[in-house]
Each structure stands twice: as C-alpha cells, then as structure tokens.
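Written below as structure tokens is the structure these notes are about.
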Amino acid sequence: MRILIVEVNWLGDVLFSTPAIKALRKKFPDSFIACLVVPRAVEILQGSPYINELIVNDEKGLHSGFRGKLRLAKELRKKKFDLAILFHRSSTRALIAYLAGIPRRLGYATWKRRFLLTEVLPMPEKDSTHRVDYYLDIVTSLGCDSQERLYEFFTTEEDVRFARDFLSAEGVSPGDFVVCLNPGGNWHLKRWPKENFSVLADKLISGYQAKVVFCGSQNDRELIAEIVSRMSHKPIIAAGRTNLKQLAGIFQRADLVISADSGPLHIAASAGADIIGLFGPTSIRVTGPLGRGKIKIMQKDSDCTIPCYDKDCNNNLCMQKITPEDVLEIIRDRHSL
C-alpha cells in the first residue's frame, strides 16, 4: 500500500504527529509512506526511519495559488497513492488529495471538506485532547497502536559533532553547567518578557557559573540582541548559527533548556533534555512537552481562560507573572525537575 500523510504547518505540530507516523509504520511495515510537508518543517521529519519520501509542499512558491495547487495534485497523481491521511484539517489540502485521485482519504470531518473524504472521523471538541493524541486517534482508526506518545526527532553523528565543536569553540568544557535559553516563538503572546531573560541569564552566569546559550533562528537575533544589551555578563549566541538538527545536538549536551511553548521547546523534549517550560496562554493539557528528560512546567493563575487566543491582549499578564526568581527556585533544587 502507498500511503500519503498530509502534514501540518508548524514545527511543534509536526513533532506532535511523529508518534502517529511511527504507529502507522508499525502497523504497515511493508507499505510505502510519504509525507507532504511545508518547507519550514522538512527538517523535523528528515532522517525518520518510518518515512520513505518527503514531498515538499512549496505553498509560497511552486505550489502557490490555484495553478500551483493543480500542479501539486498532478505531481501526487503520478505517485499513485492508495490512501491519504490528512493530519492537516485544511479543506484545500483535502481537495488536493481528491484531485490527485487518491481513492481513500481519511481525516477529521469539517463541514467544508466532509464530502472530499471517504473515511470520516468526528472532529474532537476544541482543546479537549493533547495534540499527540489528536493525530494518534486518526491512525488508530486504521488499527494502529496508540500507546507510544513520545515524539521523536532524529539527528546524526555529524549533528552531535557539530554541537560539541560549536560549544567547545565558545569556551564550553565537558564539565560545565550548560543552560539553553530560547526567548523566541511564532506567537509573541507566548513569549516571556525579554527583561526577565536578561535577569535570569545574568544570575545563572554569576550565581551558578553557567554557560548560557541563547538559541533560536536568524529571526530571533534582534530579540536576543536586546536581551543581551541589558545583561552584565556575556552569554553564547547560537541563534541563526545552527539548523534544527544541530540545535537538537546542542540540546542533547545541555543540562537544562528553558523556553516558552515553542518549536524549540519540543525539539528539546524530543532530544531528552531536562526542561523548564514557561506557559502562559497555551494549555499544558494540549501542547505540554512530552520527552524522556525531566520536565517542569511553570504556569501562573492569571484569572484568564486557558487556552486563550486573544491576539489583542494588551498586558500578557499570564507570562509576566512568571518571574526570574520563580525559575531560579526550581534550578536551586534540581531534584524538582
């Protein structure tokens, strides 16, 4: 059987889908499994032993617009898939699977796309389940096992070697206490105030002789520069200097990763790192990190409904209530992690 998985868009969400992909491979060990994924999330699935092919949905380039969608459908038709599993709930992607002539199309029903699916699952109530289970429940309808819930992100020896050499060049010795801080995130209301990161980083360096590594993408460098400008001590800047695989290698070496709810937080979880997750408007029950390391989540009561999707919020109180001292209290007693 030739199976096409139509993936979601964001790094964390794609990671959340990896247990479902593993369960699918376990159920259908001899099948050909391909994933349709947007460019920014390709690295999340690269190197997975459960996937035969990654097909890039270049939705802002080659596959943009109506003609681009038809072009993609034509490309998929040539691959003669038997089954499309739609993790993404987009009606447009269901239409692409339909136009690609894939005879079986499985996914959650929405009123816009119900008629485009041949196998329909009732849409779960919003925010009623963890995102890992949201995808697992789709493949469970095919008889897949849903017991393994830890997501996976695969690195190579080269990635780990890069991380070791990078940190060594920045003055990190094998016995050093390494703390990675990730201040970015695709939604600004999930971010911890930058001044808090400045205070925390300084206290980690002065009080714990920590080697503090600021992580993130090239887009986070301006934010990190603002944070560092408020500091008295010099941290290590890794943002924009690694790809996601190399970042995971750094997380594997780190003693602790501190981040808001974001893609890098979940990459750290998949790398088995010890984590302090700073949660504000999002729900631990829906997007809490699942990993083999020790995980501590901080979330303060702000009299708001959680999860909250108020993009016009003007005080971000849920994140402001978490103080640097709150985080340091956890670090003082490492056994609480």
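All the letters of the sequence shown, read from the start, carry residue numbers 1 to 337 under my numbering. Cβ atoms here follow ideal geometry from the backbone N, Cα and C, with glycine treated the same way. None of these values were measured; they are calculated from a predicted model.
Mind checking GLN147: buried by the 16 CB within 10 Å criterion, or exposed?
To locate residue 147, count along the sequence shown from 1; it is residue 147. The residue is exposed, with fewer than 16 neighbouring Cβ atoms inside 10 Å.
Three-state secondary structure (DSSP) at GLU43?
As a first step, residue 43 is located in the sequence shown; it is residue number 43 there, counting from the start. Here GLU43 sits in helix by DSSP.
Endpoints, beta strand (DSSP E) assigned at ARG342:
In the structure as shown, the chain starts at 1 and stops at 337, and residue 342 therefore has no counterpart that could be examined.
Among residues of its own chain, excluding the 5 on either side of PHE32, which ones have a beta-carbon nearer than 6 Å to its beta-carbon?
For the purposes of this step, residue 32 is taken as residue 32 along the sequence shown, with counting starting at 1. Counting only Cβ-Cβ distances below 6 Å, and skipping sequence neighbours, we find ARG2 and ASN52.
Tell me, please, which residues DSSP counts as bridged to ALA260.
To locate residue 260, count along the sequence shown from 1; it is residue 260. Partner(s): LEU278.
Just to check my reading of the structure: TRP10 and GLY263 have Cβ atoms closer than 8 Å, yes? What is that Cβ distance to the nearest angstrom?
The residue given as residue 10 occupies position 10 in the sequence shown. The residue given as residue 263 occupies position 263 in the sequence shown. Indeed, because the Cβ distance is near 7 Å, the residues count as touching under 8 Å.
With a CB to CB cut of under 6 Å and the five nearest residues on each side skipped, what residues in its chain are close to ARG292?
Here residue 292 refers to the residue found at position 292 of the sequence shown. GLY272, listed in sequence order.
Cβ neighbour criterion (16 or more within 10 Å) applied to HIS88:
For the purposes of this step, residue 88 is taken as the residue at position 88 of the sequence shown. With 16 or more Cβ atoms within 10 Å of its Cβ, HIS88 is classed as buried.
Are the region 217-235 and the region 189-208 touching, with three or more C-beta to C-beta distances below 8 Å?
yes
According to DSSP, simplified to helix, strand and coil, what is GLU119?
Residue mapping note: residue 119 aligns to position 119 of the sequence shown, counting from 1. Residue state, collapsed to three classes: strand.
Could you please give the first and the last residue of the uninterrupted alpha helix (DSSP H) stretch that includes GLU53?
Along the sequence shown, read from residue 1 onward, the residue named residue 53 stands at position 53. Run containing GLU53: none in the alpha helix (DSSP H); it sits in the beta strand (DSSP E), 53-56.
Across the region 168-177 and the region 37-48, are there enough close Cβ pairs to call them in contact, namely three or more that are closer than 8 Å?
no
Boundaries of the beta strand (DSSP E) in which ASN182 is found, first to last residue:
The residue given as residue 182 occupies position 182 in the sequence shown. Where ASN182 is concerned, the enclosing beta strand (DSSP E) stretches over 178-182.
If we require 4 or more residues per run, which alpha helix (DSSP H) segments fall completely within the region 171-259?
194-208, 221-229 and 244-253
Just the Cα atoms here: how many angstroms apart are GLN252 and LEU54?
Here residue 252 corresponds to residue number 252 of the sequence shown, with the count starting at 1. Here residue 54 corresponds to residue number 54 of the sequence shown, with the count starting at 1. Their Cα atoms are separated by approximately 25 Å.
With a threshold of 7 Å on Cβ separation, who are the neighbours of ILE224 within its own chain once the five nearest residues in sequence on each side are excluded?
Along the sequence shown, one-based indexing puts residue 224 at 224. So the qualifying residues of the chain are PRO183, PHE214, GLY216, ILE237 and ALA239.
May I ask you to report which of helix, strand or coil DSSP gives VAL38?
Locating residue 38 in the sequence shown gives position 38, counting from the first residue. Coil at VAL38, not helix or strand.
Whole-angstrom distance between VAL160 and ASP333, CA atom to CA atom
Numbered from 1 along the sequence shown, position 333 holds the residue referred to as residue 333. Numbered from 1 along the sequence shown, position 160 holds the residue referred to as residue 160. Those two C-alpha atoms are separated by around 29 Å.
What did DSSP end up calling ALA100 once you bin it into helix, strand or coil?
For the purposes of this step, residue 100 is taken as residue 100 along the sequence shown, with counting starting at 1. Reduced to three states, the DSSP call for ALA100 is coil.
By a C-beta neighbour count over all protein chains shown, 10 Å radius and 16 as the cutoff for buried, is CYS304 buried or exposed?
Here residue 304 is taken as the residue at index 304 of the sequence shown, counted from 1. Per the 10 Å Cβ criterion, exposed.
In whole angstroms, give me the CA-to-CA distance for LEU83 and LYS300.
For the purposes of this step, residue 83 is taken as residue 83 along the sequence shown, with counting starting at 1. For the purposes of this step, residue 300 is taken as residue 300 along the sequence shown, with counting starting at 1. If you take the alpha carbons of LEU83 and LYS300, they lie about 44 Å apart.
Could you tell me the distance, in whole angstroms, from the CA atom of GLU75 to the CA atom of SER48?
If you number the sequence shown from 1, residue 75 lands on position 75. If you number the sequence shown from 1, residue 48 lands on position 48. Between GLU75 and SER48, the C-alpha separation is close to 23 Å.
Any chance the region 95-102 sits against the region 12-32, with 3 or more Cβ pairs inside 8 Å?
no
Can you look up MET319 in the DSSP assignment and give me helix, strand or coil?
As a working mapping, residue 319 is identified with position 319 in the sequence shown. Here MET319 sits in helix by DSSP.
Here's the rule: buried if 16 or more other CB atoms are within 10 angstroms of the residue's CB, otherwise exposed. What is TYR309?
Counting from one through the sequence shown, the residue named residue 309 turns up at place 309. By the 10 Å Cβ count, TYR309 comes out exposed.
Closest by CA to LEU189, which one among GLY12, LYS311 and GLU59?
Numbered from 1 along the sequence shown, position 189 holds the residue referred to as residue 189. Per the Cα distances, LYS311.
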